[in-house]
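With my numbering applied, the sequence shown has no gaps in its numbers, which climb one by one up to 828 at the end.
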Amino acid sequence: MAGATNVGRRVTLTTVSILLVLAAVAWYYTVRQAEAMSGMVTGLAQIGSGMPSGIAPPVFLGMWLAMMVAMMFPTIGPMVLAHRVVVRYRGEGWPPTAGFVLGYLFIWTAIGLLPLGAFLAFRNLPATIGLSLWLRLLAGAILLVAGLYQFTPWKSFCLKACRSPFAFILGHDFGGGTRSAFRAGASHGAYCLGCC
Numbered sequence: 633m634a635g636a637t638n639v640g641r642r643v644t645l646t647t648v649s650i651l652l653v654l655a656a657v658a659w660y661y662t663v664r665q666a667e668a669m670s671g672m673v674t675g676l677a678q679i680g681s682g683m684p685s686g687i688a689p690p691v692f693l694g695m696w697l698a699m700m701v702a703m704m705f706p707t708i709g710p711m712v713l714a715h716r717v718v719v720r721y722r723g724e725g726w727p728p729t730a731g732f733v734l735g736y737l738f739i740w741t742a743i744g745l746l747p748l749g750a751f752l753a754f755r756n757l758p759a760t761i762g763l764s765l766w767l768r769l770l771a772g773a774i775l776l777v778a779g780l781y782q783f784t785p786w787k788s789f790c791l792k793a794c795r796s797p798f799a800f801i802l803g804h805d806f807g808g809g810t811r812s813a814f815r816a817g818a819s820h821g822a823y824c825l826g827c828c
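Quick look at the structure:
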C-alpha cells in the first residue's frame, strides 16, 4: 500500500509540476508582451487605432493562448489530477491526460476567435469611432447581457459541473483513449467557459 501511495504522490507531483511550469512560461510571455504596451494610450477613442495593424491572426491567438494558460492552468489542476487518477487506474499512460488538456485548450482557443474578430473589425475603423454613441450603446448592451447571464440556470449548471472534479470525470467519461479524453477536456472547457 505504501508503494502505491508513493506512486500516486509522484504522479500528482509530476502533473502539478507540468501545469505550473506551463503556467509560469505563459505568465513570463504575458508579462513580456505587456512591457511592450507601456506607452499605450487608453480610452475608447483608442480602440483599434493603437494596435499594430499588421499582427497576424496566429500571433493574436498565440498571445490569447498564453494568457489563457497563465490564468486557467492553476485552476484546472484539480480536474487534470482527477483525470490522471482515472486514467492511471485504467492502466493508460500520459497521452489521454495530454488529450484532456488539449481539449480544454481547444475550447479556449476557439473562443479567442471572438476577440480576434473584434480586433480585425476595429483595426480598420478610424480612431474617432470610439466617440460614437452606437459603440457606447453596444458596449453597454454587452455588459448588460453578461451581467444578466450571471443569474441564468445555464450559469448555475456550469458552476455545478465544475465544482467536483471526480464527479465531472466520472459523469463525462467518453471511454478510454486520447480521443475520448480530448472530448472530455473540450466538454470541461465549455463548462468552464460557461462559469465566466
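Positions of the beta carbon are idealized from the N, C-alpha and C atoms, including for glycine.
Quick one: residues in its chain with C-beta nearer than 8 Å to the C-beta of residue 663, no 5 flanking neighbours on either side, listed in chain order?
So no residue of the chain qualifies.
Could you name the residues of the same chain whose beta carbon sits closer than 7 Å to that of residue 577, not counting the 5 residues immediately before and after it, in chain order?
With the chain covering 633 to 828 only, the question about residue 577 has no answer from this structure.
Using 8 Å as the threshold, is the C-beta distance between residue 810 and residue 727 below it?
Contact: yes.
Determine, using beta-carbon pairs with one atom in the stretch 695-712 and one in the stretch 788-807, whether at least three such pairs fall under 8 Å.
As far as the Cβ criterion goes, the stretch 695-712 touches the stretch 788-807, which means the pair count is three or higher.
Let me make sure I understand the geometry here. Which of 705, 760, 739 and 740 has the alpha-carbon closest to that of residue 658?
Measuring from the Cα of residue 658, the nearest candidate turns out to be 705.
List the whole-angstrom C-beta distance separating residue 813 from residue 729, where the pair is believed to meet the contact cut-off of C-beta under 8 Å.
Their Cβ separation, rounded to whole angstroms, is 7 Å, which keeps residue 813 and residue 729 in contact under 8 Å.
Decide if the stretch 692-704 is in contact with the stretch 742-757; the criterion is three or more beta carbon pairs, one per stretch, under 8 Å apart.
Flag = yes, the stretch 692-704 and the stretch 742-757 touch.
Pick out whichever of 644, 828, 824 and 764 has its Cα sitting closest to the Cα of residue 735.
Answer by Cα proximity: 824.
Between which two residues does the alpha helix (DSSP H) harbouring residue 731 extend?
Where residue 731 is concerned, the enclosing alpha helix (DSSP H) stretches over 727-743.
Go to residue 760, then tell me how far its alpha helix (DSSP H) extends in each direction, as first and last residue.
Here residue 760 belongs to no alpha helix (DSSP H), and DSSP marks it neither H nor E.
Go ahead and pull the three-state DSSP assignment for residue 688.
Note: residue 688 maps to coil in three-state DSSP.
Going by C-alpha to C-alpha distance, which of 789, 751 and 645 sits closest to residue 691?
Residue 691 has its Cα closest to that of 751, out of 789, 751 and 645.
In the DSSP assignment, find the unbroken alpha helix (DSSP H) run with residue 784 in it and report its ends.
Where residue 784 is concerned, there is no enclosing alpha helix (DSSP H), given that its DSSP letter is neither H nor E.
Taking the straight line between their C-alpha atoms, what separation do you get for residue 843 and residue 807?
Nothing can be reported for residue 843: it is not among the residues displayed for the chain, which extend from 633 to 828.
For a test of the three-state rule: what should DSSP assign to residue 796, helix, strand or coil?
Of the three classes helix, strand and coil, the one that applies to residue 796 here is coil, per DSSP.
Under the three-state reduction of DSSP, which class applies to residue 804: helix, strand or coil?
Residue 804: coil per DSSP, three-state reduction.
Contact defined as beta carbons within less than 8 Å: I believe residue 803 pairs with residue 738. What is the distance between those atoms, to the nearest angstrom?
Their Cβ separation, rounded to whole angstroms, is 20 Å, which puts residue 803 and residue 738 out of contact at 8 Å.
Just how far apart, CA to CA, sit residue 764 and residue 778?
Cα to Cα, the separation comes out at about 22 Å.
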